[in-house]
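There are 2 protein chains.
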Amino acid sequence: MDTTDLTATAWTALGFIALRPRSGYEIKQACAETVDAYWGVSFAQLYPQLKRLNEAGFITGEEGGGGRRQVIWHLTERGREALDAWLVQPPAPPQLRDEALLKLLFVQSLSPDQARLLIDAKRREFEAWIDRYEPGDEPDLLRSYALTMAQAGLTWCDAAEKTLAD
Amino acid sequence: MDTTDLTATAWTALGFIALRPRSGYEIKQACAETVDAYWGVSFAQLYPQLKRLNEAGFITGEEGGGGRRQVIWHLTERGREALDAWLVQPPAPPQLRDEALLKLLFVQSLSPDQARLLIDAKRREFEAWIDRYEPGDEPDLLRSYALTMAQAGLTWCDAAEKTLAD
DNA sequence: CTCCTCATGTAAGGGGTTACATGATTTA
DNA sequence: TAAATCATGTAACCCCTTACATGAGGAG
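Here the protein sequences come in this chain order: V and X.
Okay, so the first sequence: first residue is 57 according to this note's numbering, each after it adds one.
Okay, so the second sequence: first residue is 57 according to this note's numbering, each after it adds one.
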């Protein structure tokens, strides 16, 4: 009933369960395949939150039929309502922490060599994104987001190195 | 001596002090003007960390001469060495949490209207970035980073809305 | 028979945010 | 003289991460 103690991780889990019934392990996998880059989820947060979602009556557990022990979570009607209510609330402002950019601020005027190293690090990062979120078959807004940003990042890397060359 | 208990906030403060001597309040201001968007710093973290930097011998405090009570922090030689050592270490991978994108994942196939609202929210965010990091006089790598990303974000918003129109 | 993957959890610690508390000084 | 800004700090809480713990099933 009291949804105040649900963390963002809980809503993430609820969202994936709404797409189709899953185990906690599968939710983690789904995160890794989709929102990984801008939304981290760890088991240590996931399992306790699943328990809370269950207590709140938003999901129900079903023992998996396979040989391995697992619990498949299903969305309840109340869970659907709670999820819909959460989805229409204005999203929290994005939070990011990028140590490379912070360091770049401090070295950009002092040491062009170190600045170049930091830019290289970011370049590899963006290239990894592009590899990872390669264009797929179906149109996916998140995939295209990651790709657009990564491509822009590479453009910035080129420009930044050119700036340093002066 | 023991630098292990210094948080990223401490290194941020040290970096700004290295640029020129400042008070804690001025460090906060400098963050707000530069790294704000991708590196949050709060007073509650800042002041204790300044105390630790002082205990470690990385900075020394000087009572401000003005009417108001304030401490101006100066970088020591050891502080410079520690900062340089930190700067050359490989930067930690960036961490971001964007609730809008998470919600978008869950509504993109179900409710185009809600998806449009989320895209609008991101659009306003990017526009705010562009206003805030308006091109300045001197070439600044961080400013251009923010602007490049914001512009790419707007491009994505347009494309995403077009995708939804189908 | 060993190792990797599947699968679910617990314990401890850490960095960060929000809220609270205080007081002087400038501005309207 | 009231309000906004300057300026420093503390207390409580919260979410997350890392590390640890356990055990079964499949692959080689």
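Just so it is clear, CB atoms sit at the ideal spot from N, CA and C, and this is done for glycine as well.
Output the distance between the C-alpha atoms of residue i and residue j, rounded to the nearest integer angstrom.
i, j, result
"Ala-74(X)", "Gly-120(X)", "18 Å"
"Gly-192(V)", "Leu-203(V)", "11 Å"
"Thr-127(X)", "Tyr-81(X)", "Note on identity: in this sequence residue 127(X) is Val, with Thr being the wrong assignment. Straight-line Cα distance between these residues: approximately 9 Å."
"Ala-112(V)", "Ala-86(V)", "23 Å"
"Gly-71(V)", "Ile-115(X)", "48 Å"
"Met-57(X)", "Leu-131(X)", "With a pLDDT of only 49 at Met-57(X), under 50, the local geometry of the prediction cannot be trusted, and no value is derived from it."
Under a three-way DSSP split, which group does residue i fall into?
i, result
"Gln-151(V)", "strand"
"Thr-204(V)", "helix"
"Arg-78(V)", "strand"
"Gly-71(V)", "helix"
"Gly-209(X)", "helix"
"Glu-118(V)", "strand"
"Trp-129(X)", "strand"
"Pro-146(V)", "coil"
"Thr-90(X)", "coil"
"Tyr-103(V)", "helix"
"Val-163(X)", "helix"
"Thr-219(X)", "helix"
"Pro-168(X)", "helix"
"Gln-214(V)", "Position check: residue 214(V) holds Asp in this sequence, whereas Gln was assumed. Asp-214(V): helix per DSSP, three-state reduction."
"Met-57(X)", "Its pLDDT being 49, under 50, Met-57(X) is placed unreliably in this model, and the value from its coordinates should be taken loosely. Met-57(X): coil per DSSP, three-state reduction."
"Asp-196(V)", "coil"
"Arg-124(X)", "coil"
"Trp-95(X)", "coil"
"Leu-62(X)", "coil"
"Glu-223(X)", "The displayed coordinates of chain X run from 57 to 222. Any statement about residue 223(X) would go beyond what the structure contains."
Residues bridged to residue i by DSSP?
i, result
"Gly-135(X)", "Looking at the DSSP assignment, Gly-135(X) forms no beta bridge with any residue, so it has no partner."
From this set, the options, which residue's C-alpha is nearest residue i's C-alpha?
i, options, result
"Leu-198(X)", "Arg-124(V), Gln-151(V) and Cys-213(V)", "Cys-213(V)"
"Gln-105(X)", "Asp-154(X), Ala-221(X), Glu-194(X) and Trp-129(X)", "Trp-129(X)"
"Leu-160(X)", "Arg-172(V), Tyr-94(V) and Ala-171(V)", "Tyr-94(V)"
"Gly-117(X)", "Pro-77(X), Ala-86(X), Leu-210(X) and Tyr-201(X)", "Pro-77(X)"
"Val-91(X)", "Arg-124(X), Gln-207(X), Ser-200(X) and Gly-135(X)", "Ser-200(X)"
"Glu-194(X)", "Glu-194(V), Gly-209(V) and Thr-219(V)", "Thr-219(V)"
"Asp-196(X)", "Ala-215(V), Ala-64(V) and Ile-83(V)", "Ala-215(V)"
"Asp-154(V)", "Lys-178(V), Leu-139(V) and Glu-190(V)", "Lys-178(V)"
"Leu-62(X)", "Glu-89(X), Asn-110(X) and Ile-83(X)", "Asn-110(X)"
"Asp-140(X)", "Ala-208(X), Arg-188(X), Thr-68(X) and Asp-222(X)", "Thr-68(X)"
"Arg-224(X)", "Leu-70(X), Glu-89(X) and Ser-79(X)", "Given a span of 57 to 222 for chain X in the structure shown, any question on residue 224(X) remains unanswerable."
"Glu-190(V)", "Ile-175(V), Leu-174(V) and Gln-207(V)", "Gln-207(V)"
"Ala-156(V)", "Tyr-103(V), Ile-175(V) and Ala-138(V)", "Ile-175(V)"
"Arg-125(X)", "Gly-96(X), Leu-210(X), Ser-79(X) and Pro-149(X)", "Ser-79(X)"
Handout entry: contact_flag[the segment 180-193 of chain V, the segment 160-169 of chain X] where n(CB pairs < 8 Å) is 3 or more
Key = Pairwise C-beta distances place the segment 180-193 of chain V out of contact with the segment 160-169 of chain X, as fewer than three of them are shorter than 8 Å.
Practice task
Say whether the segment 169-177 of chain X touches the segment 143-157 of chain V, bearing in mind that this needs 3 or more beta-carbon pairs closer than 8 Å, one atom from each stretch.
Solution key: Judged by Cβ distances under 8 Å, the segment 169-177 of chain X makes contact with the segment 143-157 of chain V, as three or more pairs qualify.
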